[in-house]
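First residue of the sequence shown: 788, per my numbering; consecutive thereafter.
Cβ coordinates follow ideal geometry from the N, Cα and C atoms, glycine included.
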Amino acid sequence: MKDSTTRAARPAPADAYQRESADAYQREPAAGVSGAVEQWRARLLALSHSLHAEPETALEEHRSAAKIGDLLDAAGFAVTRGVAGLPTALVADYGTGDLTVALCAEYDALPGIGHACGHNVNGAAAVGAALGLAAVADRIGVRVRLVGTPAEEDVGGKALLLKAGVFDGVAAAMMVHAAPVDTVGASSLAIGAWDVTFHGRPAHAALAPWEGVNALDAMTVAQTALGLLRQHLTPGTLVHGIVTDGGQAVNVVPARTRARYELRAPTAEQLAQLRARVRACFEAGALASGAELELAQHGEDFAELRQDPFMTEAYVRAAGALGRTPEPRHGELMASTDMGNVSHAVPTIHPTVGYETHGALQHTAEFAAYGTSEGADRAVLDGARALAHVGVELATNEAQRRRLLDGVARRSREGAPH
């Protein structure tokens, strides 16, 4: 991993709270986790609120990544910034145990509507879980890894970090996602995106339109073909997009048209099949208009999410102890997430942690407005505690610890692709 700011691992600052609580940490890991999250409560909520107040979009999350890195550095983590060639990605490690548990922190916002997907909650909860586990890491033989993952809403930071080897040696990966309700067990749609460009030839739209090749006509034909294709797509298979450039002047035949289209399907295999059919629609636009077609993949494909059954059960137990009752959504499909790519490599959970949004759903300004509410603050702390308790259970359950370590060894032997 490329390192722009790396510090050697060191023990956490021995402040008064930690000195007073050291015996409790040794007696009972779960109590140590809860104590640590409570210790960091003010800074975790301040982090969530600060991320929300200064939203940054994909690959521009410089302040957000710095806030997370600085907090973990203060907690004694070894922080590596700018990993995998991504300036806003980071990795923070604590502990030397043979069982590495990764917490994935998201912090990118949406253009124009800020943290309308609740990534300020997601990110702060992951940081809290890492701090909770770090408090008992030596006691339970765990290495805690906080992975700061940019651009989930765009190119897929987790998929890029996975390819770069950031998850090599990781035994389990976890995060929670903000939502109006608590859920567990759902899958997600695989997704891929294309940047579409039609190249035509300009001409005066009134004096000599026959001399032009209308790139906007090419897009219109392609969109018509896509509209007809939708009738024959299987449930859960979706195509949607926007035109980002349709010409510059009404009296000039458009010489270039651009669009971005997303394709979603229940599995990565079905996504590949969908690509072939959608490509044919764009090729039809080029053929009918005489324009040239340019297709460029935008970001990484996201695989469908696979949630680990035991980790899911452990999360339900942990959430239940906090007064939450997650709804089982096994077999149901959420939208899409690059956590799906991680889940194909290592055992993973991605539950949602709920708070009152008065009917507002993600990706709306109304949802963003509740991101620093009392309920959202509770979601940060409960999500942190629940994830950390899952980590404790994985480390202290002999059968599960062996399962996870055997999985790491097997993947290393097989040289499984990232």
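Counterpart residues of residue i in DSSP-defined beta bridges
{"i": "Gln1084", "result": "Trp981"}
{"i": "Pro1113", "result": "Answer by DSSP bridge pairing: none, since Pro1113 is not bridged."}
{"i": "Phe1089", "result": "Ile978"}
{"i": "Met1098", "result": "In DSSP, Met1098 forms no bridge with anything."}
{"i": "Val929", "result": "Leu886"}
{"i": "Ile1136", "result": "Met961"}
{"i": "Leu1025", "result": "Arg1051"}
{"i": "Glu1079", "result": "His986"}
{"i": "Val971", "result": "Pro1115"}
{"i": "Val1103", "result": "DSSP lists no partner for Val1103."}
{"i": "Leu947", "result": "According to DSSP, which records beta bridges pairwise, Leu947 is partnered with nothing at all."}
{"i": "Thr936", "result": "Glu893"}
{"i": "Gly1146", "result": "Paired residues: none, contrary to the question."}
{"i": "Ala865", "result": "Asp880"}
{"i": "Gly1141", "result": "Ala966"}
{"i": "Val1039", "result": "His991"}
{"i": "Gly901", "result": "Leu897"}
Distance between residue j and residue i (C-alpha atoms, nearest Å)
{"i": "His1176", "j": "Leu920", "result": "8 Å"}
{"i": "Ala829", "j": "Leu947", "result": "32 Å"}
{"i": "Leu731", "j": "Leu831", "result": "For residue 731 there is no data in the structure shown, the boundaries of the chain being 788 and 1205."}
{"i": "Arg932", "j": "Gly910", "result": "14 Å"}
{"i": "Phe1097", "j": "Leu1058", "result": "28 Å"}
{"i": "Val1000", "j": "Leu846", "result": "36 Å"}
{"i": "Val983", "j": "Leu1174", "result": "40 Å"}
{"i": "Trp827", "j": "Leu838", "result": "16 Å"}
{"i": "Arg1165", "j": "Arg1017", "result": "41 Å"}
{"i": "Ala995", "j": "Pro1041", "result": "13 Å"}
{"i": "Ala977", "j": "Leu1061", "result": "11 Å"}
{"i": "Glu1081", "j": "Gly952", "result": "31 Å"}
{"i": "Ser1199", "j": "Arg1051", "result": "31 Å"}
{"i": "Pro1113", "j": "Val1037", "result": "54 Å"}
{"i": "Glu1153", "j": "Ala817", "result": "36 Å"}
Three-state secondary structure assigned by DSSP to residue i
{"i": "Gly1032", "result": "The question names Gly, but residue 1032 in the sequence shown is Asp. Asp1032 falls in the strand class under three-state DSSP."}
{"i": "Ile855", "result": "helix"}
{"i": "Cys891", "result": "strand"}
{"i": "Thr1044", "result": "strand"}
{"i": "Met961", "result": "strand"}
{"i": "His849", "result": "helix"}
{"i": "Leu877", "result": "strand"}
{"i": "His991", "result": "strand"}
{"i": "Gly1194", "result": "helix"}
{"i": "Gly1170", "result": "helix"}
{"i": "Thr1159", "result": "coil"}
{"i": "Pro838", "result": "According to the sequence shown, residue 838 is Leu rather than Pro. Reduced to three states, the DSSP call for Leu838 is helix."}
{"i": "Gly999", "result": "coil"}
{"i": "Ala1122", "result": "coil"}
{"i": "Val824", "result": "helix"}
{"i": "Gly919", "result": "helix"}
{"i": "Gly1202", "result": "coil"}
{"i": "Gly952", "result": "coil"}
{"i": "Asn909", "result": "helix"}
Assumed close pair residue i, residue j - CB separation to whole angstroms, cut-off 8 Å
{"i": "Val914", "j": "Ala892", "result": "6 Å"}
{"i": "Val1026", "j": "Leu1013", "result": "6 Å"}
{"i": "Asp885", "j": "Phe864", "result": "Actually they are not in contact, since the Cβ atoms of Asp885 and Phe864 sit about 18 Å apart, beyond 8 Å."}
{"i": "Ala973", "j": "Arg1116", "result": "4 Å"}
{"i": "Thr1044", "j": "Arg1093", "result": "Contact doesn't hold; Cβ gap of about 38 Å is too wide."}
{"i": "Val851", "j": "Val1167", "result": "The sequence shown places Ser at residue 851, not Val. That pair is no contact at about 15 Å."}
{"i": "Gly1158", "j": "Val908", "result": "6 Å"}
{"i": "Glu1091", "j": "Ser975", "result": "6 Å"}
{"i": "Ala922", "j": "Gly819", "result": "5 Å"}
{"i": "Glu841", "j": "Thr875", "result": "So it is not a contact: roughly 13 Å between Cβ atoms."}
{"i": "Thr1151", "j": "Ile855", "result": "About 25 Å; that fails the 8 Å criterion."}
Min CB distance residue i to chain B below 9 Å
{"i": "Tyr881", "result": "This model lacks chain B altogether, as it is built from one protein chain only."}
Cβ-heavy atom distance, residue i to the ligand FMN, below 8 Å
{"i": "Ala818", "result": "Of the ligands one can find in the structure shown there are none, so the ligand FMN has no counterpart to examine."}
Taking 8 Å as the threshold, find out whether the stretch 1122-1134 comes into contact with the stretch 937-949 through three or more Cβ pairs.
yes
I'd like to know if the stretch 968-976 and the stretch 1125-1144 are in contact, where contact means that at least 3 CB-CB pairs between them fall below 8 Å.
yes
Below 8 Å, can you find three or more Cβ-Cβ pairs linking the stretch 1178-1188 to the stretch 1097-1108?
yes
Check whether the stretch 1071-1085 touches the stretch 992-1011, counting contact only when three or more Cβ pairs, one atom from each stretch, lie closer than 8 Å.
yes
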